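*Asks:*
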Amino acid sequence: MIVQNNDLKLKLRAFLNNATSVQQKTDIDLLSLILRERVEKPVIYLGTSTCGMVAGAGKTLQAINNYLTEKEINAEVVEVGCIGLCSVEPVLDVQLPGRARVSFQRVTADKVDYILDGVLNNELPAEDVFYQYPQTKSEPWPKVPFINQIPFFANQNRIVLKNCGIINPADIVEYIAGGGYRALVKTIRNYTSEKVCAIVEESGLKGRGGGGYPTGLKWKTTLMTADDDKFMICNADESDPGAFMDRALIEGDPHRVIEGIAIAAYAIGAGKAYIYIRAEYDLAFKRMKNALQQAYDFGVLGNNVMDSGVNVFISVRQGAGAFVCGEETALIASIEGRRGMPRNKPPYPAEHGLFEKPTVVNNVETLANIPSILDNGPQWFASIGTQSSKGTKVFAMSGKIKNTGLAEVSMGTSLRDLVFTIGGGIKKAKRFKALQIGGPSGSCMPESLLDTRVDYDELKLNGLMMGSGGIVVMDEDTCMIDIAKFFTDFLQKESCGKCIPCREGTKRILEILRHITMKPGDEKGHETLERFKGVMQLENLAGVIRDTSLCGLGRTAPNPVLSTLRWFRDEYEEHIFDRKCRAGICRELRTFSIDVEKCTGCTACYKKCPENAIVGSPRLPHFIIADKCIGCGICFDTCKFVAISVS
Amino acid sequence: MGRAIRELLENQPNLNRDRLIPILQEIQDENGYLSEEAIIVTAEFLKLPTSKIYGVATYYDQFRFEPRGKYHIRICRGTACHVEGSLNFLNELEKLLKIKSGQTSRDGLFSLDIVRCIGACGLAPVMDVNEEFYTGFSISDLSRIINTYRIKE
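Order-wise, the sequence lines are chains U and B.
Under the working numbering, the first residue of the first sequence is numbered 1, with each subsequent residue one higher.
Under the working numbering, the first residue of the second sequence is numbered 1001, with each subsequent residue one higher.
Pasting the structure below:
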């Protein structure tokens, strides 16, 4: 289906113009054909987002095309976005004429022939089949669960992710046929800018990027600021490691984001908007550029949008790899071509933003909520969620959890449900230890807080923050000091260097943490006491950084340390006093020894030891010199006779 | 190389300050890195001091000042990858290639970079060699992966 088809374009424009009623039977037929409610030939869908590609979807796609050419089968291959369940990628769906769309999991290239052979002959290979879609116009497959019976999907409420993994993101036609751009046309034809701000304010939508500031209010402030030029910026600089919902959204449903931006630009009176996409997201950048081109061609962007007299221009900018550019003033500086460093607020960007004009910066997920709010009304949105937090939130789940991926849940869902029901619990039957929420500067929380509900206020009350919605699950094999060290190292490297407490303080924190996990040296003197003094100063130092830094990065930089100190203090004490790491992660605290009985004297470990800490002659038992050993564990991995033990 | 860069700069829609980062990105896409010459020529066109341009370029992680190797390896050091042990993988790669991250091996074959999350956390650990991705590998797989590229030469 291509937009160049003028007849189709005219029909869809008519459909958009007269959105509420589609009377003609031919039109209904056309729409159901575009939406693939019925298909005339087999359709094969493959998830080719970054996560799919990383899992090998590129090779799978090639194998599918080879199979189809070889067997001379006339079928349509559609590349879709990510359905959200990364752990079973690549996901392949097949829809035969008259039959329900059925999904297969972990379809690597070698499985393609087998699966397609089966399904094209109406026989499902039992072990690879995952679920099917409930479709009214087609016959379901026997003995295959529906998608809403799978626990991962059953407990979600997909509004923002509605189209992700279902439609072809590279084709505007599919988005429009599914009801897309209707909200935009309705808004610019029927509502004033003030009215749009009021609707969004009434819905109770809060910024999904982490701040949780009411979106409607932000828009209103900018609208009220008098200036000839205003700017709208969509912040897709998703630099929190562990968060990937913005990437999935842009790759899987770019037009929803575009529609949200266009409505926002209209609401604040901006003629020009920017999308700032992170440097590492190549595919998202390409998909967004392609989607923008289609939107211009179709006439839902550009001069005189759908003959309404409104102009909206969106251009896309690629970031250059700086974590702090997620902060709005830093992001603005980066678009202006300067070093992305935050500046003092106020004045807020709403008054003094890009090129010194009033500017709104909104997160991708926030903007992706906008079309459905205007489509269904603010009351509908406000009816989802809790008293203080409305709507849904997308979480990116990773780490030691069974079902890694993206899940969109209503506000008010407990974190326990998220981890154990949707996430499927911990991998390899290990025990849950901690959950890290809110990105690198978020908090690590213990199991006792798992019943906290997803709600801006409730999380805050427990000393946690929503952040952008990345969740990393850790099991008993994770060392909390190591995690604190990792995040502090990350934040220290990404600190822009403007404020001294953040630039120098994070470095000192890292130093103290390194000291704690360092190899026990000479235990004479007061080393243990010094280490403990370090921890006492750690809390004080963290407080100073938090209170005296300018931007969000500095103010939250001590969070990983403070939260692990609060909830996992015993582990710190173990490291400091007993000089041991219960998870066995802090390598310098490990000691290795060779079992004389088991050692055959093969010299394998002797040859591999980087510090020459192993002595011994061939065919005689070897020994490790404890003073020289750096605890790298190479000998442990090398030994074929299990003669080396670690404590 | 200077000619190509000049051509690229002449074809820009405008030469305002806000085009600086996109221009540097285009140059890096073409050449794989930012040479001293590239920065001087850009400064000339944008009428900015070279120090400003160098200041911007060094601020951002994306820009490299050394040519890329024939096989460019990026290893993810995001949270999920860290939990799966990516620090050990990085150390092993540095040892195998005898270079640090951000550097290029002397024979120009390999270069190594750390990337702060590719956004495929569900499949951690993740690394890629010239956009060919590897996931769920273990430390012993690394030398095998590197060797498949060495053998190609």
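A virtual CB, placed ideally from N, CA and C, is assigned to each residue, including glycine.
It should be emphasised that the depicted structure is a prediction, and the values quoted were computed from it without experimental measurement.
Counting pairs of beta carbons, one from the stretch 88 to 99 of chain U and one from the stretch 266 to 277 of chain U, are three or more of them closer than 8 Å?
*Replies:* no
*Asks:* Could you say which of U:180, U:319, U:245 lies nearest to residue 373 of chain U if we only look at CA atoms?
*Replies:* U:180
*Asks:* Just the C-alpha distance for residue 535 of chain U and residue 443 of chain U, rounded to the nearest angstrom, thanks.
*Replies:* Distance between the alpha carbons of residue 535 of chain U and residue 443 of chain U is about 18 Å.
*Asks:* Which of helix, strand or coil does DSSP assign to residue 225 of chain U?
*Replies:* coil
*Asks:* Does the beta carbon of residue 1123 of chain B sit closer than 8 Å to a beta carbon anywhere in chain U?
*Replies:* yes
*Asks:* Report the option in U:118, U:585, U:338 whose CA atom is closest to the CA atom of residue 518 of chain U.
*Replies:* U:585
*Asks:* According to the Cβ coordinates, are residue 157 of chain U and residue 408 of chain U closer than 8 Å?
*Replies:* In contact: residue 157 of chain U and residue 408 of chain U (Cβ atoms closer than 8 Å).
*Asks:* How about residue 386 of chain U and residue 455 of chain U: do their beta carbons lie closer than 8 Å?
*Replies:* yes
*Asks:* Can you tell me whether residue 620 of chain U is helix, strand or coil according to DSSP?
*Replies:* coil
*Asks:* Just to make sure I have the definition right: I need the residues of chain U whose C-beta is within less than 8 Å of the C-beta of residue 1040 of chain B. Which are they?
*Replies:* Near residue 1040 of chain B there are no residues of chain U at all, since even the closest Cβ is about 17 Å away, more than 8 Å.
*Asks:* Determine which residues of the stretch 1099 to 1133 of chain B have a Cβ less than 7 Å from any Cβ of chain U, and write them out in chain order.
*Replies:* 1115, 1116, 1117, 1118, 1119, 1120, 1121, 1122, 1123, 1124, 1126, 1133
*Asks:* Got a sec, what are the start and stop residues for the beta strand (DSSP E) residue 1074 of chain B sits in?
*Replies:* 1071 to 1076
*Asks:* Classify residue 645 of chain U: buried if its beta carbon has 16 or more other beta carbons within 10 angstroms, exposed otherwise.
*Replies:* exposed
*Asks:* Could you check what DSSP says for residue 183 of chain U in three-state terms: helix, strand or coil?
*Replies:* helix
*Asks:* Are three or more beta carbon pairs between the stretch 573 to 588 of chain U and the stretch 497 to 509 of chain U nearer than 8 Å?
*Replies:* no
*Asks:* Is residue 312 of chain U near residue 277 of chain U, with beta carbons less than 8 Å apart?
*Replies:* no
*Asks:* Could you confirm whether any beta carbon from chain U is found closer than 8 Å to the beta carbon of residue 1063 of chain B?
*Replies:* yes
*Asks:* Can you give, in chain order, each stretch of the alpha helix (DSSP H) that sits fully within the stretch 569 to 601 of chain U and has at least 4 residues?
*Replies:* Annotation: the stretch 569 to 601 of chain U contains the following complete segments of the alpha helix (DSSP H) (minimum length 4 residues), in chain order: 569 to 573.
*Asks:* Under a Cβ-count criterion, where at least 16 other Cβ atoms within 10 Å of its own Cβ denotes burial, should residue 544 of chain U be classed as buried or exposed?
*Replies:* The residue in question, residue 544 of chain U, is exposed, as its Cβ has fewer than 16 Cβ neighbours within 10 Å.
*Asks:* Name the residues in the stretch 1070 to 1095 of chain B whose C-beta lies less than 7 Å from a C-beta of chain U; which are they?
*Replies:* 1078, 1079, 1080, 1082, 1083
*Asks:* Name the chain B residues whose beta carbon is nearer than 7 Å to that of residue 51 of chain U?
*Replies:* Going along chain B in sequence order, the residues near residue 51 of chain U (Cβ under 7 Å) are 1120, 1122, 1123.
*Asks:* For the stretch 618 to 635 of chain U and the stretch 585 to 595 of chain U, state whether three or more C-beta atom pairs, one from each stretch, are separated by less than 8 Å.
*Replies:* yes
*Asks:* Find the residues of chain B that neighbour residue 474 of chain U, judging by a C-beta separation of less than 8 Å, and give them in chain order.
*Replies:* 1083
*Asks:* What did DSSP end up calling residue 282 of chain U once you bin it into helix, strand or coil?
*Replies:* helix
*Asks:* As an exercise, report each continuous alpha helix (DSSP H) stretch of at least 4 residues that is fully enclosed by the stretch 472 to 548 of chain U, in chain order.
*Replies:* 480 to 494, 500 to 516, 527 to 548
*Asks:* Could you say which of U:129, U:108, U:31 lies nearest to residue 118 of chain U if we only look at CA atoms?
*Replies:* U:129
*Asks:* For the alpha helix (DSSP H) that residue 666 of chain U lies in, which residues bound it at each end?
*Replies:* Residue 666 of chain U lies beyond the stretch modelled for chain U, which goes from 1 to 647, so this question has no answer here.
*Asks:* Considering only C-alpha positions, which residue in the set U:124, U:232, U:281, U:195 is nearest to residue 1118 of chain B?
*Replies:* When each option's Cα is compared against that of residue 1118 of chain B, the closest is U:281.
*Asks:* Using 8 Å for Cβ pairs, my map puts residue 1094 of chain B next to residue 1100 of chain B. What's the rounded Cβ distance?
*Replies:* 6 Å
*Asks:* Apart from the five residues just before and just after residue 3 of chain U, which ones in its own chain have a Cβ nearer than 8 Å to its Cβ?
*Replies:* Bear in mind that a pLDDT of 45 at residue 3 of chain U, under 50, signals an unreliable position, so the model cannot answer this.
*Asks:* Hey, how far is the Cα of residue 1 of chain U from the Cα of residue 12 of chain U?
*Replies:* At residue 1 of chain U the pLDDT is 46, less than 50, meaning the model places this residue with poor confidence; the figure from the coordinates comes in the next sentence. Using only the alpha carbons, I get a separation of about 12 Å.
*Asks:* Any C-beta of chain B sitting closer than 8 Å to the C-beta of residue 533 of chain U?
*Replies:* no
*Asks:* Residues in its own chain within less than 8 Å of residue 310 of chain U by CB, not counting five upstream and five downstream?
*Replies:* Hits under 8 Å: 188, 266, 304.
*Asks:* Tell me the residue span of the alpha helix (DSSP H) that contains residue 679 of chain U.
*Replies:* Because residue 679 of chain U is not part of the residues shown, which for chain U are 1 to 647, the question remains open.
*Asks:* With a cut-off of 8 Å on the beta carbons, I'd call residue 80 of chain U and residue 47 of chain U a contact; round off their distance for me.
*Replies:* 6 Å
*Asks:* With a threshold of 16 other CB atoms inside 10 Å of the CB of residue 102 of chain U, please say whether the residue is buried or exposed.
*Replies:* buried
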